[in-house]
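Worksheet: one structure, shown below.
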Amino acid sequence: MTVLVDPSLTDDELRQTLYDGKLIVLTRLPAVSEFVDYCREQLTELFKPHDPLHAHEHIEPAEMAKILGVWKPRFIHSERSNQLVKRIITEAGLPAEFTHYDVPKPRTSFPAGHLTTGVAFAFPWHRDAWYASPRQQLNWWLPVYPIREDNSMAFDLDSFAKAVPNTSGSFDYYANNAKRLTTAKQVTKEEQERPGATTHQPIQELIVLPSPGSVLMFAGSHLHTSIPNTSGLARYSVDFRTVDARDLVADRGSPLVDVHCTGTAIRDFHNIGDGSAFDEELVVKLFGAPPDDAMLVFTAEDGERSAQSV
Ligand SMILES: [Fe+2]
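Residues in the sequence shown are numbered consecutively from 10, following my numbering.
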């Protein structure tokens with residue numbers, strides 16, 4: 010398994026490299042640095058007069074949940090966030106015409122003992138595919154402040170295409186959309202459906218620590234986890250996802266070896282150029298017809314939209 014840094018690849022090669030299970034770090038995209046600056050400004054304003062890295066020392070978990078429950082949806086849907094994400098994707102070489110993206114999700118990881126549920130949940134070993142992500146999904150993950158081995162995320166590259174016992178069979182995308190309405194209100198109790206590996210013990214874990222201003226790309230089928238935060242510092246990161254329309258139609262993507270969930274997240278993705286969704290007829294053909302009463306996309310304006318993965 011390989012981690013490529015700033016590779017010279019065409020966009021077709023870039024996607025295929027990720028579908029094959031390799032990781033890619035891009036360190037030279039101006040829009041990533043601008044996005045980091047924007048995120049830091051937002052967090053500084055949100056927690057002032059406290060340093061965002063130490064905010065948890067001054068703010069109780071219940072208050073923190075309230076603050077983040079208001080801020081996260083605003084950040085996720087802000088014009089500036091979305092413009093920067095679109096620029097990051099096109100600067101990486103993926104064409105706007107064929108690339109669909111899902112809105113950026115800010116993640117907060119506080120030291121163990123502080124807010125660790127609801128909006129600040131730490132994810133166990135999982136594949137995003139267990140959350141009904143399509144096999145074409147590529148994940149983009151960037152830290153806002155320097156990260157460390159004791160507050161970031163880990164991959165099990167060896168299990169990329171190997172089946173792992175998991176609870177994805179209990180996950181239905183549409184049912185989960187309905188449950189997400191209440192996530193932001195949770196402080197101490199985790200109620201949302203979170204598929205994960207049941208007894209997984211990786212032989213080896215890979216931790217990649219990109220510096221702020223870099224972005225890590227990986228296939229949504231990778232087995233990965235949040236590392237419990239024992240650093241004493243809050244960790245802030247942002248991630249978003251893309252799907253290539255040509256690959257969706259051609260059924261090119263990562264292997265799916267142990268996915269038992271139902272429904273699909275494909276309707277969350279919109280074209281970078283014109284904002285259009287995938288054609289519904291195509292979606293039904295590829296993923297099947299949803300039940301009549303299904304909540305196809307999560308639409309609550311004031312709810313937490315970061316249900317999926319680390
Ligand atoms: Fe994830």
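Quick reminder that beta carbons are idealized off the backbone N, C-alpha and C, glycines included. Just so you know, these numbers come straight off a predicted model, no measurement behind them.
Thinking C-beta only, is GLN146 closer than 7 Å to VAL252? yes
Does the contact criterion of 3 or more C-beta pairs under 8 Å hold for the segment 225-238 versus the segment 161-180? yes
Let me check one thing: in DSSP terms, what residues is THR234 bridge-paired to? ALA163
In the DSSP assignment, the alpha helix (DSSP H) including ALA71 goes from what residue to what residue? 70-86
CA-to-CA distance, ALA101 to PRO332, given in whole angstroms: Residue 332 lies beyond the range of the chain shown here (10 to 319); nothing can be said about it.
Nonlocal neighbours in the same chain, by C-beta distance under 6 Å from LEU215, ignoring five residues either side: PHE164, LEU166
Could you check if GLN51 is buried or exposed, using at least 16 other CB atoms within 10 Å of its CB as the buried criterion? buried
Since LEU103 contacts ASP20 with CB under 8 Å, what's their CB separation in whole angstroms? 5 Å
Could you work out which residue in LEU265, ASP248, VAL94, ASP302 is closest to ALA172 when comparing CA atoms only? LEU265
Would you mind giving the Cβ-Cβ distance between ALA206 and HIS135, rounded to the nearest angstrom? I have them listed as a contact below 8 Å. 7 Å
Nearest neighbour of ARG250, chosen from PRO82, SER142, ASP111 [CA to CA]: ASP111
So who's on the other strand from LYS114, going by DSSP bridges? ASP248
Below 8 Å on the Cβ atoms is my guess for ALA184 versus ALA64; work out the distance and round it to an integer in Å. With 8 Å as the limit, ALA184 and ALA64 do not qualify as a contact, their Cβ atoms being about 34 Å apart.
Inspect the CB distances between the segment 68-76 and the segment 259-274 and report whether three or more fall short of 8 Å. no
Does the Cβ-Cβ distance between HIS109 and PHE278 come in under 7 Å? yes
Tell me whether ALA303 sits in a helix, a strand or coil according to DSSP, three-state version. coil
Distance, Cα to Cα, VAL41 vs VAL14? 15 Å
On a CA-only basis, which of PHE227, TYR182, GLU202, MET304 is nearest GLY272? Give me that one, please. TYR182
Note down the Cα distance separating PRO299 from ALA141, rounded to an integer number of angstroms. 13 Å
With 16 other Cβ atoms within 10 Å as the buried cut-off, status of ALA74: buried
So is the beta-carbon of ASP137 under 6 Å away from any non-hydrogen atom of ligand 1? yes
Reducing DSSP to helix, strand and coil, say where HIS269 ends up. coil
Whether SER223 touches THR36 by CB criterion (7 Å): yes
Assuming GLU45 and VAL217 make a contact with CB atoms under 8 Å, what is their CB distance in whole Å? One detail in the question is off: residue 45 reads as Val in this sequence, not Glu. With 8 Å as the limit, VAL45 and VAL217 do not qualify as a contact, their Cβ atoms being about 17 Å apart.
Tell me whether SER177 sits in a helix, a strand or coil according to DSSP, three-state version. helix
Sub-7 Å separation of PHE3 and PRO204 beta-carbons: There is simply no residue 3 to check, as the chain begins at 10 and stops at 319 in what is shown.
Looking at the strands, I want to know which residues DSSP matches up with ASP253. THR108
My guess is that ASP288 and ARG24 are in contact by the Cβ rule of under 8 Å, so how many angstroms apart are they, rounded? Actually they do not touch by this definition, with Cβ atoms about 20 Å apart.
Continuous alpha helix (DSSP H) stretch holding LEU295: start and end: 289-296
Helix, strand or coil for VAL14 per DSSP? strand
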